[in-house]
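Asker: Got a structure here, written out as structure tokens. Questions coming.
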Amino acid sequence: MPPFFKRNSRLKLAFVLLVCAVIVCSLSHRDYPFLPLDIKEKIPLRWNTAKWRGTTNSSYRCGEESETDWTSIKSNIIPAIELDRDRFLYPVLTNGPNNQLIGFRDAVYLAIKLNRTILLPFFNKHRTDDSRINTTKLIPASQRIDIDYISRLVPVMANKKISNICQKGFDDVYLTSERALHMARNAAKHVGIRLKITSKEELPNVFPRDRNFDALRNINAKEISLRHLYASQGRCAIYSAPYRSVGVKENPGALRRVREKYFNGEGSLKDESINTSNLSDQELYALITMSTVKPKFVRKIVDGFMDVSRLASTNYMSVHWRYDPADWQKRCVKSGRRGAVSSMCDSATNARPTDLASAIGNYSKTVERQGSIRLTTVYFAAPLTIQPFIEEVKRLIESRQEIAIVTQSDLKDYLTQFGDCDVIQKNFDDIFSQLEMDICSRAQVFLRSPSSSWSKVIISKRVASTTTYRFDADILSLVQEQIERRHYAK
Ligand SMILES: Nc1nc2c(ncn2[C@@H]2O[C@H](COP(=O)(O)OP(=O)(O)O)[C@@H](O)[C@H]2O)c(=O)[nH]1
Ligand SMILES: [Mg+2]
4 MPPFFKRNSR LKLAFVLLVC AVIVCSLSHR DYPFLPLDIK EKIPLRWNTA KWRGTTNSSY
64 RCGEESETDW TSIKSNIIPA IELDRDRFLY PVLTNGPNNQ LIGFRDAVYL AIKLNRTILL
124 PFFNKHRTDD SRINTTKLIP ASQRIDIDYI SRLVPVMANK KISNICQKGF DDVYLTSERA
184 LHMARNAAKH VGIRLKITSK EELPNVFPRD RNFDALRNIN AKEISLRHLY ASQGRCAIYS
244 APYRSVGVKE NPGALRRVRE KYFNGEGSLK DESINTSNLS DQELYALITM STVKPKFVRK
304 IVDGFMDVSR LASTNYMSVH WRYDPADWQK RCVKSGRRGA VSSMCDSATN ARPTDLASAI
364 GNYSKTVERQ GSIRLTTVYF AAPLTIQPFI EEVKRLIESR QEIAIVTQSD LKDYLTQFGD
424 CDVIQKNFDD IFSQLEMDIC SRAQVFLRSP SSSWSKVIIS KRVASTTTYR FDADILSLVQ
484 EQIERRHYAK
């Protein structure tokens, strides 16, 4: 410190304050803390290492430190569709996990049409997920999709690269509705990247500018329309709240055509480049749907569970019952419900465990009669918030001794072997839901819950598979028949 400070304490204080002010200024210049980037892209399991505690069917173990192997992806995978690797799209996903997945697919579609590389986003835990409170709400992309699969289709960048790639800020904000601007601002804060401000209006560079724009209603999937709507050349664009926002969605015919032409028997893309001008918009969307599959660790855990529970060696029917009071049924208490929602609410709220047990038992007999498929077991999936309801259905089905039943209590037992696996414990509900989806999607018959994206994602997967599932049906209608029978029997 200069000698004259020793004599003058006021000057000394002023000097200290000045130094503090400089430090504060330089920190705030960073705009936002680099929060989620501290979350490592962990994948729970490792493969081809020691056998797990002597189990015979698996050669994997908990691998806290294992991360997406980007070096291997870069050196071994050439994407079927090449995109500009110098311009990027960062999707901001919204609502429940399967809405996010569909939103991610929309974002990949837009990225292809705009010739941009996808920066992998974070996904979010569902609002009923208890672990949001103790740990984090964020889920790295590698815990929701298989990064190898999407990398075979298009080039994608690791989330952590965003601080380098977009360090000067997001040039443009692509909106799906006016509400999405607020979400883009929040997401930008989270990843620590500012939205560039246009000089005159002090607003971010927003596309489209029409305040009444709503992508759900007025969008056209054609490339020319999308390029016109999101007409900007900036390096980094943030795409806020995609969900059914590109004017195209899964189509059964397109899924089948694409599977036959571009995928091999195991369901991975053939190793050849794809010229997108030879594809219809629906076929392109089908390619994306089939390239966004569950992560490998989810599939591996399910392989193990299927063996232990004997589902793998039986003909089983899976049932998804989505209608929990804690989440789905909330829409039923809103005033003014009409039409389809109203009648679904009536069935969902009146359904008793006996209705489900009878509906499941009767339908398995119908399948046997009409399709000569003897179903010996049911896998019954439902949100963790209605465990007592599930257990009651299980008890009733077991007491009738017509068909065996496996539920989440069996899956939970199986998962106790991963008790020391931190990633699984911290994201238990999220991973559990994905495991149940995978179990449901492999069944010989699937009874879906209408209005649920959880069910819808499974249906697309089944439509795209090499098997034709003739007996897939809607559980709510089957249950409604039982409610009516009960009513008229009074
Ligand atoms: N474990 C489990 N969770 C479920 C099931 N159905 C719904 N959930 C929970 O509810 C969420 C559903 O949210 P979302 O993916 O938006 O699907 P949607 O609300 O049905 O359209 C999931 O993420 C789970 O947390 C189920 O059958 N099993
Ligand atoms: Mg939802």
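Throughout the sequence shown, residue numbering follows my numbering, covering 4 to 493 in sequence.
Backbone N, C-alpha and C fix where the C-beta goes; we use that ideal spot for every residue, glycine too.
What do you reckon, are the CB atoms on residue 136 and residue 92 nearer than 8 Å?
Answerer: Here the question's residue 136 lines up with position 133 in the sequence shown. Here the question's residue 92 lines up with position 89 in the sequence shown. Cβ atoms of residue 136 and residue 92: not closer than 8 Å.
Asker: Roughly how many angstroms separate the alpha carbons of residue 433 and residue 14, rounded to a whole number?
Answerer: Residue numbering aside, residue 433 sits at position 430 when the sequence shown is read from its first letter. Residue numbering aside, residue 14 sits at position 11 when the sequence shown is read from its first letter. Taking the straight line from one Cα to the other gives about 58 Å.
Asker: Output the distance between the C-alpha atoms of residue 162 and residue 227, rounded to the nearest integer angstrom.
Answerer: For this step, residue 162 is matched to residue 159 along the sequence shown. For this step, residue 227 is matched to residue 224 along the sequence shown. Computed Cα separation, rounded: 29 Å.
Asker: Hey, residue 324 and residue 452 are a contact pair by Cβ (cut 8 Å); roughly how many whole angstroms apart?
Answerer: Against the sequence shown, residue 324 aligns to sequence position 321. Against the sequence shown, residue 452 aligns to sequence position 449. Yes, residue 324 and residue 452 are in contact; Cβ-Cβ is about 6 Å, under 8 Å.
Asker: To which residues of the same chain is residue 457 closer than 7 Å at the C-beta, ignoring the five residues directly before and after it?
Answerer: Position 454 of the sequence shown, counting from 1, holds the residue named residue 457. Here the set comprises 101, 323, 325 and 440.
Asker: Can you check the segment 430–472 for any alpha helix (DSSP H) of at least 4 residues that lies completely inside it and give the ranges in chain order?
Answerer: List check, alpha helix (DSSP H) in window: 431–444 and 456–466.
Asker: What does residue 151 pair with, by DSSP beta-bridge criteria?
Answerer: Here residue 151 refers to the residue found at position 148 when the sequence shown is read from its first residue. The partner list for residue 151 (beta bridge, DSSP) is empty, contrary to what the question assumes.
Asker: For the candidate residues 464, 260 and 211, whose alpha-carbon lies nearest to that of residue 242?
Answerer: One-based indexing of the sequence shown puts residue 242 at position 239. Cα-wise, what sits closest to residue 242 is 211.
Asker: Indicate the three-state DSSP secondary structure (helix, strand or coil) for residue 229 in the structure shown.
Answerer: What you label residue 229 is simply residue 226 of the sequence shown in a count that begins at 1. Here residue 229 sits in helix by DSSP.
Asker: What is the DSSP secondary structure of residue 211, reduced to helix, strand or coil?
Answerer: Here the question's residue 211 lines up with position 208 in the sequence shown. In the structure shown, residue 211 sits in coil (DSSP, three-state: anything other than H, G, I, E or B).
Asker: What residues in its chain sit with their C-beta under 6 Å from that of residue 415, if we drop five residues either side in the sequence?
Answerer: Stepping through the sequence shown from its first residue, residue 415 is reached at position 412. For residue 415, where only same-chain residues beyond five positions count, there are no Cβ hits under 6 Å.
Asker: Mind checking who residue 266 pairs with in its DSSP beta bridge?
Answerer: Within the sequence shown, residue 266 is the residue found at index 263, counting from 1. Paired residue(s): 272.
Asker: By the DSSP assignment, the alpha helix (DSSP H) with residue 145 in it spans what residues?
Answerer: In the sequence shown, the residue the question calls residue 145 occupies position 142. Residue 145 -> no alpha helix (DSSP H), and no H or E assigned at all.
Asker: Taking the alpha helix (DSSP H) that residue 362 falls in, what are its first and last residues?
Answerer: What you label residue 362 is simply residue 359 of the sequence shown in a count that begins at 1. Run containing residue 362: 356–374, per the alpha helix (DSSP H) assignment.
Asker: State yes or no: is the C-beta of residue 245 within less than 8 Å of the C-beta of residue 425?
Answerer: As a working mapping, residue 245 is identified with position 242 in the sequence shown. As a working mapping, residue 425 is identified with position 422 in the sequence shown. For residue 245 and residue 425, no; Cβs fall outside 8 Å.
Asker: Within this structure, are the beta carbons of residue 266 and residue 272 separated by less than 8 Å?
Answerer: In the sequence shown, residue 266 corresponds to position 263, counting from 1. In the sequence shown, residue 272 corresponds to position 269, counting from 1. Result yes, Cβ atoms of residue 266 and residue 272 sit closer than 8 Å.
Asker: Can you list, in chain order, the residues of its chain with a C-beta nearer than 7 Å to that of residue 449? Leave out the 5 residues immediately preceding and following it.
Answerer: Position 446 of the sequence shown, counted from the start, is the residue given in the question as residue 449. Excluding residues within five positions, the ones whose Cβ falls inside 7 Å are 321, 443, 461, 465, 472 and 475.
Asker: Measuring only from the beta carbon, is residue 127 closer than 7 Å to any heavy atom that is part of ligand 2?
Answerer: Mapped onto the sequence shown, residue 127 falls at position 124. No, since every heavy atom of ligand 2 falls outside the 7 Å radius drawn around the Cβ of residue 127.
Asker: Please look up how many angstroms separate the CB atoms of residue 410 and residue 427, rounded, as I've assumed it's under 8 Å.
Answerer: Counted from its first residue, the sequence shown places residue 410 at position 407. Counted from its first residue, the sequence shown places residue 427 at position 424. Not a contact, Cβ separation roughly 19 Å.
Asker: Among the residues of its own chain, which have a CB less than 6 Å from the CB of residue 165, if the five just before and after it don't count?
Answerer: Taking the first residue of the sequence shown as position 1, residue 165 is located at position 162. 122 and 194.
Asker: Quick check on DSSP: helix, strand or coil for residue 193?
Answerer: By one-based count along the sequence shown, residue 193 stands at place 190. Of the three classes helix, strand and coil, the one that applies to residue 193 here is helix, per DSSP.
Asker: Tell me, which residues are paired with residue 180 by DSSP?
Answerer: As a first step, residue 180 is located in the sequence shown; it is residue number 177 there, counting from the start. In DSSP, residue 180 forms a bridge with 217.
Asker: How big is the Cα-Cα spacing for residue 373 and residue 397?
Answerer: Looking up residue 373 in the sequence shown gives position 370. Looking up residue 397 in the sequence shown gives position 394. The alpha-carbon atoms of residue 373 and residue 397 are separated by roughly 25 Å.
Asker: Please classify residue 384: does DSSP put it in a helix, a strand, or coil?
Answerer: What you label residue 384 is simply residue 381 of the sequence shown in a count that begins at 1. Here residue 384 sits in strand by DSSP.
Asker: Of all the alpha helix (DSSP H) runs that stay within the bounds of the segment 112–136, which reach a length of 4 or more residues?
Answerer: With a minimum length of 4 residues, no continuous alpha helix (DSSP H) run stays inside the segment 112–136.
Asker: With 16 other CB atoms within 10 Å as the buried threshold, where does residue 329 fall?
Answerer: Looking up residue 329 in the sequence shown gives position 326. That one is exposed.
Asker: Rounded to a whole number of angstroms, what is the C-alpha to C-alpha distance between residue 385 and residue 327?
Answerer: What you label residue 385 is simply residue 382 of the sequence shown in a count that begins at 1. What you label residue 327 is simply residue 324 of the sequence shown in a count that begins at 1. Going by the C-alpha atoms only, they are around 8 Å apart.
Asker: For residue 343, does the count of other Cβ atoms within 10 angstroms reach 16, so buried, or fall short, so exposed?
Answerer: The count along the sequence shown starts at 1 and reaches residue 343 at position 340. Counting Cβ neighbours within 10 Å, residue 343 comes out exposed, since fewer than 16 surround it.
Asker: Applying the 10 Å Cβ sphere with the 16-neighbour rule, what's the burial state of residue 129?
Answerer: Here residue 129 is taken as the residue at index 126 of the sequence shown, counted from 1. With 16 or more other Cβ atoms within 10 Å, it is buried.
Asker: Give me the Cα-Cα distance between residue 202 and residue 189, rounded to the nearest whole angstrom.
Answerer: Here residue 202 corresponds to residue number 199 of the sequence shown, with the count starting at 1. Here residue 189 corresponds to residue number 186 of the sequence shown, with the count starting at 1. Approximately 21 Å, taken between the alpha carbons.
Asker: Please work out which residues of its chain come closer than 7 Å, Cβ to Cβ, to residue 417, disregarding the five sequence neighbours upstream and downstream, and give them in chain order.
Answerer: Taking the sequence shown and counting its residues from 1, the one referred to as residue 417 is at position 414. So the list reads 308 and 311, once near-sequence residues are dropped.
Asker: Taking its Cβ as the centre, do 16 or more other Cβ atoms sit within 10 Å of residue 268, making it buried, or is it exposed?
Answerer: Here residue 268 is taken as the residue at index 265 of the sequence shown, counted from 1. Exposed, by the Cβ-count rule.
Asker: From 318, 104, 176 and 400, pick the residue whose C-alpha is nearest to that of residue 446; which is it?
Answerer: Against the sequence shown, residue 446 aligns to sequence position 443. Selected option, being the one with the closest Cα: 318.
Asker: Write down the C-beta distance between residue 360 and residue 482 rounded to the nearest angstrom, noting that I regard them as a contact closer than 8 Å.
Answerer: Here residue 360 refers to the residue found at position 357 when the sequence shown is read from its first residue. Here residue 482 refers to the residue found at position 479 when the sequence shown is read from its first residue. No, residue 360 and residue 482 are not in contact; Cβ-Cβ is about 10 Å, not under 8 Å.
Asker: Excluding the 5 residues flanking residue 412 on each side, which residues of the same chain have their C-beta closer than 6 Å to its C-beta?
Answerer: Start at 1 with the first residue of the sequence shown, and residue 412 comes out as number 409. Nothing meets the Cβ criterion.
Asker: Does the segment 138–148 come close enough to the segment 274–292 that 3 or more CB-CB pairs lie under 8 Å?
Answerer: In short, these stretches do not touch, since the Cβ pair count stays below three.
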